[in-house]
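Per the UniProt record's numbering, the sequence shown starts with residue 1, numbered consecutively.
In what follows, a single structure is set out as structure tokens and then discussed.
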Amino acid sequence: MRPAWISAMTVLTLTVTGADGNEGWFWHITDFHWDFSYWDGQLSCNGQNVSSPGEFGDYWCDSPYSLVLESITKMAEVKRDVDFILWTGDSVPHVPLVNLSQSRNQDIVRNLTATIKSAFSSIPVYATFGNHDYYKKDQFPPHGNDIYNMTLLLWETWINDSSQLENFRKGGYYTVKRNNIRIIAMNTNLYYTGDQLTVNVSDPADQFAWLDSVLTQAVTNNEKVIITGHVPPGFTTPRKVMWMRPQFNIKMNEIINRHATVIAGMHFAHEHHDNFRLYYDSKGNPSVALFIAPSITPWRYIIGSEIEPKHNPGARLVKYDRESGRQYDIQQYYVDLPQANKDGNLKWKLGYNATTEYDIPDVTPASLETLVQKMSSATSQKFLKFVLWYNTNATEFPCNDTCHKSVLCGIKNMDESAFNQCLQNDISFATMLTPRMTLPLVILPLYVLNTVV
Ligand SMILES: [Zn+2]
Ligand SMILES: [Zn+2]
């Protein structure tokens with residue numbers, strides 16, 4: 001736990017304004033995973049005997065409705081006057097398929113949509129699907145279907161652009177323009193390893209062609225772009241799992257690299273932990289930052305003998321420039337879950353301001369590269385902070401040299417072959433500084449099928 005005086009100090013630093021005073025804020029919330037059975041069935045609780053479930057949740061289980069409702073209500077108390085909200089899906093809980101149905105999943109998404117609308121009535125929300133939101137989970141089809149059509153009815157007023165309705169009906173994706181900022185909301189669940197309907201499709205729902213053309217147009221129009229979606233490209237670490245099918249990860253990265261100059265930031269989800277990754281240009285300079293936001297759900301997985309560390313609910317505010325798109329800062333909030341249950345009162349605590357916590361001027365790719373250099377050993381102060389916030393201040397899970405190497409390789413290598421090469425390289429940080437090394441090594445892919453989050 002951070003001493004109160006540090007939090008007070010970080011709040012004071014918020015008065016520092018952006019370069020031209022044109023800064024705005026947006027929330028990023030994700031992965032509510034509302035367990036409708038929390039009080040009478042505990043279907044999401046990993047088979048654990050949760051004999052006295054907390055009012056606002058339990059580390060073994062998905063979110064009770066009290067956590068969903070209070071987290072949204074209290075967000076509006078922290079900051080209601082944001083420009084917009086990014087909401088990156090996974091509203092449906094980790095429960096057996098037999099307890100779900102198309103209509104039940106739709107009811108869950110409808111309920112969460114209404115809850116967010118009632119707390120932030122006039123604020124547009126740019127919402128994307130999570131892999132759990134489809135019925136059956138993960139199986140997003142690369143063409144029109146009822147779930148796209150029904151969800152569009154819920155989100156249409158937020159999208160507020162009739163030219164985008166066809167894209168949404170076809171594949172659950174769209175773009176909107178705000179001032180000079182273009183937001184691209186993707187349905188990257190189509191690329192997820194768990195999706196059996198897109199295995200042999202080269203461009204599911206034509207989303208890659210669309211993304212490429214929207215970004216090409218953004219270059220012509222001198223726009224700056226924020227890309228959002230659920231399943232991120234690259235590898236989650238320290239587990240070393242690539243979420244996208246290899247061919248889709250390659251295509252996504254190619255398009256991002258080709259248009260990196262107009263991309264102000266990428267905001268994704270699905271991992272339930274606080275993390276980030278970097279793209280690099282052909283000269284090895286950092287070009288695009290991809291942020292992973294922690295989940296609202298405190299649920300943690302059990303895979304064989306592996307138990308996910310405890311993590312608290314999280315929500316974040318991002319400060320950005322409305323013209324240049326430059327990402328100034330991230331204010332990461334979290335709920336101290338045991339404390340909230342004890343008090344019978346949910347509070348969002350300010351965990352950190354990225355700039356003060358990590359001692360960087362902003363959260364641009366260049367500044368994050370500086371941070372990565374300061375995280376050069378498993379015991380470095382900045383890396384220990386990163387590890388603490390990875391689990392939203394719930395537990396200090398041990399991250400040894402091997403774990404540290406995996407984390408840094410994941411931050412610096414979006415491509416499968418480069419990531420694998422990084423793992424094979426010497427542990428020394430110097431070798432990690434060359435993300436585009438092409439050693440003639442034959443390495444078995446670490447890509448594994450995993451559909452848990
Ligand atoms: Zn997910
Ligand atoms: Zn999730």
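Just so you know, even glycine gets a beta-carbon here, dropped at the ideal spot from N, CA and C.
Remember, it's a predicted structure, so these values are computed and weren't measured experimentally.
### Query
Three-state secondary structure (DSSP) at L153?
Taking the sequence shown and counting its residues from 1, the one referred to as residue 153 is at position 153. Of the three classes helix, strand and coil, the one that applies to L153 here is helix, per DSSP.
### Query
With a CB to CB cut of under 7 Å and the five nearest residues on each side skipped, what residues in its chain are close to S66?
Reading the sequence shown from its first residue, position 66 is the one you call residue 66. Correct list, in chain order: E55, F56.
### Task
Measure from the C-beta of P53 to each C-beta in chain B and report whether the shortest distance is under 7 Å.
No chain B appears in the structure shown, which is made up of a single protein chain.
### Task
Output the residue ranges of the alpha helix (DSSP H) runs that lie fully inside the segment 95 to 169 and measure 4 residues or longer, sorted by chain position.
102 to 119, 146 to 159
### Message
Is D35 close to ligand 2? I mean its beta-carbon at under 6 Å from any heavy atom of the ligand.
### Response
Locating residue 35 in the sequence shown gives position 35, where the first residue counts as 1. False, no ligand heavy atom lies under 6 Å from that Cβ.
### Query
Can you find a heavy atom of ligand 1 that lies under 6 Å from the Cβ of N180?
For this step, residue 180 is matched to residue 180 along the sequence shown. N180: no, Cβ never under 6 Å from ligand 1.
### Query
If you draw a straight line from the C-alpha of H143 to the C-alpha of F129, how long is it?
In the sequence shown, the residue the question calls residue 143 occupies position 143. In the sequence shown, the residue the question calls residue 129 occupies position 129. Their backbone Cα atoms lie some 15 Å apart in a straight line.
### Query
Can we count D90 as close to ligand 2, meaning its CB is less than 6 Å from some heavy atom?
As a position in the sequence shown, residue 90 is number 90, starting the count at 1. Yes.
### Task
Within its chain, find whatever has a CB closer than 6 Å to the CB of A430; leave out the 5 residues flanking it on each side and keep chain order.
Residue mapping note: residue 430 aligns to position 430 of the sequence shown, counting from 1. With a pLDDT of only 40 at A430, under 50, the local geometry of the prediction cannot be trusted, and the value read off the model is given with reservation. Taken in chain order, the list of residues that qualify is empty.
### Message
Quick check: the Cα distance between residue 455 and P338, rounded to an integer number of angstroms?
### Response
Nothing can be reported for residue 455, as the shown portion of the chain is limited to 1 through 453.
### Message
Between which two residues does the beta strand (DSSP E) holding W25 run?
### Response
Indexing the sequence shown from 1 puts residue 25 at position 25. Here the beta strand (DSSP E) through W25 covers 23 to 29.
### Task
Starting from the N-terminal side, write out each stretch of the beta strand (DSSP E) that is 3 residues or longer and does not extend beyond the segment 227 to 268.
263 to 268
### Message
Below 8 Å on the Cβ atoms is my contact criterion, and I expect M266 with A293 to pass it. Report the Cβ-Cβ distance as a whole number of Å.
### Response
In the sequence shown, residue 266 corresponds to position 266, counting from 1. In the sequence shown, residue 293 corresponds to position 293, counting from 1. Not quite, the Cβ-Cβ distance comes to about 11 Å (not below 8 Å), so this is no contact.
### Message
Please state the DSSP three-state secondary structure of V335.
### Response
For the purposes of this step, residue 335 is taken as residue 335 along the sequence shown, with counting starting at 1. V335: coil per DSSP, three-state reduction.
### Message
Threshold first: 4 residues or longer. Then list the alpha helix (DSSP H) segments lying entirely within the segment 366 to 417, N to C.
### Response
381 to 390, 401 to 412
### Query
So is the beta-carbon of G229 under 6 Å away from any non-hydrogen atom of ligand 1?
Taking the sequence shown and counting its residues from 1, the one referred to as residue 229 is at position 229. Because no heavy atom of ligand 1 lies under 6 Å away, the Cβ of G229 does not count as near it: no.
#### Entry: Residues near Y333 by beta carbon distance below 7 Å, same chain, minus five either side
Looking up residue 333 in the sequence shown gives position 333. V78, G314, A315, R316, W348, K349, L350, G351, listed in sequence order.
### Query
Could you give the residue range of the beta strand (DSSP E) that holds N85?
Here residue 85 refers to the residue found at position 85 of the sequence shown. Position check: residue 85 holds Ile in this sequence, whereas Asn was assumed. Its beta strand (DSSP E) spans residues 84 to 87.
### Task
Taking only runs that begin and end inside the segment 39 to 92, name each unbroken alpha helix (DSSP H) of 4 or more residues, in chain order.
65 to 78
### Query
When burial is assigned at 16 or more other CB atoms within 10 Å of the CB, is E306 buried or exposed?
Against the sequence shown, residue 306 aligns to sequence position 306. Looking at its Cβ environment, which holds fewer than 16 other Cβ atoms inside 10 Å, E306 is exposed.
### Task
Note down the Cα distance separating P124 from T402, rounded to an integer number of angstroms.
For the purposes of this step, residue 124 is identified with residue 124 of the sequence shown, where counting begins at 1. For the purposes of this step, residue 402 is identified with residue 402 of the sequence shown, where counting begins at 1. C-alpha separation (whole angstroms): 43 Å.
### Query
When you compare only the Cα positions, how much space is there between D146 and S367?
Residue numbering aside, residue 146 sits at position 146 when the sequence shown is read from its first letter. Residue numbering aside, residue 367 sits at position 367 when the sequence shown is read from its first letter. In a straight line, the C-alpha of D146 is about 44 Å away from that of S367.
### Message
According to DSSP, simplified to helix, strand and coil, what is Y301?
### Response
Position 301 of the sequence shown, counting from 1, holds the residue named residue 301. The answer is coil: DSSP assigns Y301 none of H, G, I, E or B.
### Query
Going by DSSP, what residues sit across from T175 in a beta bridge?
One-based indexing of the sequence shown puts residue 175 at position 175. DSSP, once it has assigned bridges, lists I184 as partnering T175.
### Query
Under a Cβ-count criterion, where at least 16 other Cβ atoms within 10 Å of its own Cβ denotes burial, should A354 be classed as buried or exposed?
Counting from 1 along the sequence shown, the entry for residue 354 is found at position 354. Classification for A354: buried.
### Query
Alpha carbon to alpha carbon, what distance is there between R169 and F383?
Taking the sequence shown and counting its residues from 1, one reaches residue 383 at position 383. Taking the sequence shown and counting its residues from 1, one reaches residue 169 at position 169. Each residue's alpha carbon lies about 43 Å from the other.
### Task
Sort S122, V387, N257 by Cα distance to N160 and report the nearest one.
Looking up residue 160 in the sequence shown gives position 160. Residue S122 is the option with its Cα nearest to N160.
### Query
Are three or more beta carbon pairs between the segment 196 to 205 and the segment 95 to 111 nearer than 8 Å?
no
### Message
Let me check you understand the geometry: is the CB of D31 closer than 6 Å to at least one non-hydrogen atom of ligand 2?
### Response
Residue mapping note: residue 31 aligns to position 31 of the sequence shown, counting from 1. Yes, the Cβ of D31 comes within 6 Å of a heavy atom of ligand 2.
### Query
For R80, which of V98, S118, H94 has the nearest alpha-carbon?
Position 80 of the sequence shown, counting from 1, holds the residue named residue 80. Nearest option by C-alpha distance: S118.
### Query
Which of helix, strand or coil does DSSP assign to K342?
Locating residue 342 in the sequence shown gives position 342, counting from the first residue. In this structure, K342 counts as helix in the three-state DSSP scheme.
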